[in-house]
Amino acid sequence: ECPRLLFPFARNILAEVTRDGGFPPVFLSPIDFVALWQSRRGQAMENPVGNA
41 ECPRLLFPFA RNILAEVTRD GGFPPVFLSP IDFVALWQSR RGQAMENPVG NA
């Protein structure tokens, strides 16, 4: 939950800092952290790492 809650604030800070520095603002696309986690979890389940 933390990445999902904090990302909008970090995204806004990055846009403001670049804009205030005289550069075009950097806009990051929203990230669906739950879908990303589920995808990586599914890949890990399909390809388990052996404990040798």
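Numbering (our numbering), first residue to last: 41 to 92.
Where a beta carbon is used, it is the ideal one built from N, C-alpha and C, also for glycine.
Everything numeric in this text was worked out from a predicted model, so none of it was measured.
Does the distance from the C-beta atom of P65 to that of T58 stay below 9 Å? yes
According to DSSP, is F67 part of a helix, a strand, or is it coil? coil
Local conformation of D72 per DSSP, three classes: coil
Find out if the Cβ-Cβ distance for the pair F73, P43 is shorter than 9 Å. yes
Whole angstroms is fine: what's the gap from A84's alpha carbon to L76's? Answer to the nearest angstrom: the Cα atoms are 12 Å apart.
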